[in-house]
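Mapping of the sequence shown onto numbering that gives the first Met the number 0: position 1 corresponds to residue 0, and the numbering continues sequentially without gaps.
Below: the structure, in C-alpha cells.
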Amino acid sequence: MNEMHEKISAALDIIEHCSSLTVLTGAGISAESGVPTFRGKEGLWRNFRSEDLATPEAFWNNPKLVWEWYDWRRNAARDAKPNPGHFALAELEDQKKKFTLITQNIDGLHQLAGSRNIIEMHGNIWQIRCTKCGDVQQSHKVPLDEIPPRCGLCNEIGRPNVVWFGEIIPMEVIDRSLKAVEECEVMLIVGTSGIVEPAASMGLVAKQTGKTVIEINLEYTPNSPLFDLTILGKSGEILPLLFTSRKVYS
Ligand code: OAD
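Structure, rendered in C-alpha cells:
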C-alpha cells in the first residue's frame, strides 16, 4: 500500500466510526464543477483586484461595475453542476447522526447536491439584499434584467447577499459554526487555502478542542502540519472513497 492509500484507509476508518462530523469547504470543492477558485494559477484574484470588486467601498463607488462582475460570476455558476465531492458530502450527511457543513462558497452547489444542514459563511450569490430595507430575494435570473437590481419592496438598490472584505460575518453565523466545530467528533476540511478568517481558524479550534481533523486539498496548506491527516488530491475523487457509499457516482 502506498502512502496515499494508507491515508485514505485511515480516513475511511475514522469517518466510518464517528457519529458526528463537521465539514468546512472552500472554492476547491467546486473547482471540478468548473467554478473558478480565488487563488492559484487560474484563481479569480489573479485577474481581478478584490478591493475593486469585493468591498463595500467598491460597491458604493461603482455599484454597476461590481454588479456586472457578479452578473458574470452568476453566469459562470449557472451551468455548474455539483460534482461527486458535493454528492459524497450530501450522502455522508444522511449516514451521520450529527452533520454540519460550513461552506465559504456562495455558489449554492452543496444545496443542489442535497446537503441540508449548511452554514453559508460568506453568503449566497443567488440572493439579492436590499441596501435600504434589508429584504432578501432569491434570484436565479442571468443576466439580471437591470443592473444594479432594485428592491421589489422599496425600489432601493440591491446588493449581492455575500460577505465582502472588510465586512463582518454575522455573529449568529460564527456562533453556529463554532458550535458545530466544538460539538463534532471529526472535522473534514476540503478545498480551502485556509488563509481567510474566520474560516481559517475553524480547524485550529477543532484541534484545540481535541477533534480529529482530516484535510483534503491539491496541496499542503499553512495549517496542514497541525492536522491529523492531509490527503492530497481532487476532492471529487477522494471524498467518495472516504465512506461506504450506497449510491453510484458518475
Ligand atoms: P482559494 O481559492 O483561496 O483556495 C482554494 C483551495 O482549493 C486551494 O488550497 C487549492 O489547492 C484547493 N483546490 C483546488 N482545486 C481542488 C480540488 N479539485 N480538490 C481539492 N482541493 C482543490 O479558495 P477559498 O479557500 O475558498 O472570500 O477562499 C476563501 C475565501 O477567499 C473565499 O470565500 C473568498 C475568497 O476571497 C470572499 O470573497 C469574502
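For each residue, glycine too, the CB sits at the ideal point set by N, CA and C.
On a predicted model such as this, the values are computed, not experimentally measured, just so you know.
### Query
From this set, 38, 20 and 158, which residue's C-alpha is nearest residue 54's C-alpha?
Numbered from its first residue, the sequence shown carries residue 54 at position 55. Of the candidates 38, 20 and 158, the one whose C-alpha sits nearest the C-alpha of residue 54 is 158.
### Task
Take the Cβ of residue 151 as the centre, count every other Cβ of all protein chains shown within 10 Å, and call the residue buried at 16 or more, exposed below.
For the purposes of this step, residue 151 is identified with residue 152 of the sequence shown, where counting begins at 1. Exposed.
### Message
Three Cβ pairs or more, each shorter than 8 Å: is that satisfied between the region 156-174 and the region 106-123?
### Response
yes
### Query
Taking just the CA atoms, how far does residue 201 sit from residue 177?
Here the question's residue 177 lines up with position 178 in the sequence shown. Here the question's residue 201 lines up with position 202 in the sequence shown. Those two C-alpha atoms are separated by around 7 Å.
### Message
At a cut-off of 6 Å, would you count residue 233 as near the ligand OAD, judging by its Cβ distance to the nearest heavy atom?
### Response
Reading the sequence shown from its first residue, position 234 is the one you call residue 233. Checking the Cβ of residue 233 against the ligand OAD gives yes.
### Message
Output needed for residue 76: all residues of its chain with C-beta closer than 7 Å, excluding positions within five of it in sequence on either side, in chain order.
### Response
Mapped onto the sequence shown, residue 76 falls at position 77. Taking residue 76 as the centre and dropping the five residues before and after it, the same chain places the C-beta of 34, 106 and 124 closer than 7 Å to its C-beta, in chain order.
### Query
Among 87, 210, 229 and 104, which one has its Cα closest to the Cα of residue 219?
Position 220 of the sequence shown, counted from the first residue, corresponds to residue 219. Among 87, 210, 229 and 104, the Cα nearest to that of residue 219 is on 229.
### Message
Just to confirm the assignment: which complete alpha helix (DSSP H) runs, minimum length 4, are found wholly within the region 52-103?
### Response
55-60, 62-77 and 83-94
### Query
From the DSSP output, which residues share a beta bridge with residue 130?
To locate residue 130, count along the sequence shown from 1; it is residue 131. Per DSSP, none; premise fails for residue 130.
### Cutoff 6 Å; reference residue 21; Cβ partners in own chain excluding five residues on either side
What you label residue 21 is simply residue 22 of the sequence shown in a count that begins at 1. Here the set comprises 99, 179, 180, 183 and 186.
### Message
Nearer than 6 Å: is that true of the beta carbon of residue 175 relative to any heavy atom of the ligand OAD?
### Response
For the purposes of this step, residue 175 is taken as the residue at position 176 of the sequence shown. Answer for residue 175: no, Cβ out of range of the ligand OAD.
### Query
Run through DSSP, which three-state label would residue 44 get?
In the sequence shown, counting from the first residue as 1, residue 44 sits at position 45. Correct three-state label for residue 44: helix.
#### Entry: residue 146 in three-state terms, based on DSSP
Here residue 146 corresponds to residue number 147 of the sequence shown, with the count starting at 1. Residue 146 falls in the coil class under three-state DSSP.
### Task
Could you tell me which residues DSSP pairs with residue 158 in its beta bridges?
Position 159 of the sequence shown holds residue 158. Residue 158 pairs with 128.
### Query
Taking just the CA atoms, how far does residue 143 sit from residue 149?
Walking along the sequence shown from the start, residue 149 turns up at place 150. Walking along the sequence shown from the start, residue 143 turns up at place 144. Going by the C-alpha atoms only, they are around 11 Å apart.
### Classification of residue 48 by the beta-carbon crowding that lies within 10 angstroms, buried from 16 upward
As a first step, residue 48 is located in the sequence shown; it is residue number 49 there, counting from the start. The residue is exposed, with fewer than 16 neighbouring Cβ atoms inside 10 Å.
### Query
Should residue 92 go down as buried or exposed, given a rule of 16 or more other Cβ atoms within 10 Å for buried?
For the purposes of this step, residue 92 is identified with residue 93 of the sequence shown, where counting begins at 1. So residue 92 ends up on the buried side.
### Query
For residue 129, is the classification buried or exposed, using 16 other Cβ atoms within 10 angstroms of its Cβ as the cut-off for buried?
Along the sequence shown, read from residue 1 onward, the residue named residue 129 stands at position 130. Classification for residue 129: buried.
#### Entry: Inter-residue Cα distance where the pair is residue 96 and residue 116
Locating residue 96 in the sequence shown gives position 97, counting from the first residue. Locating residue 116 in the sequence shown gives position 117, counting from the first residue. Cα to Cα, residue 96 sits roughly 12 Å from residue 116.
### Message
At a threshold of 6 Å, does residue 109 count as lining the ligand OAD (C-beta to nearest heavy atom)?
### Response
Reading the sequence shown from its first residue, position 110 is the one you call residue 109. No; taking the cut-off as 6 Å, the Cβ of residue 109 has no heavy atom of the ligand OAD nearer than that.
### Message
Give me the residue from 12, 14, 39 and 13 with the minimum Cα distance to residue 216.
### Response
Residue numbering aside, residue 216 sits at position 217 when the sequence shown is read from its first letter. It is 39.
### Query
Would a C-beta distance cut-off of 7 Å place residue 79 and residue 32 closer than the cut-off?
Looking up residue 79 in the sequence shown gives position 80. Looking up residue 32 in the sequence shown gives position 33. A contact, by the Cβ cut-off of 7 Å.
### Task
Have a look at 88, 23 and 72 and flag the residue whose alpha-carbon is nearest the alpha-carbon of residue 242.
Start at 1 with the first residue of the sequence shown, and residue 242 comes out as number 243. The shortest Cα separation from residue 242 among 88, 23 and 72 belongs to 88.
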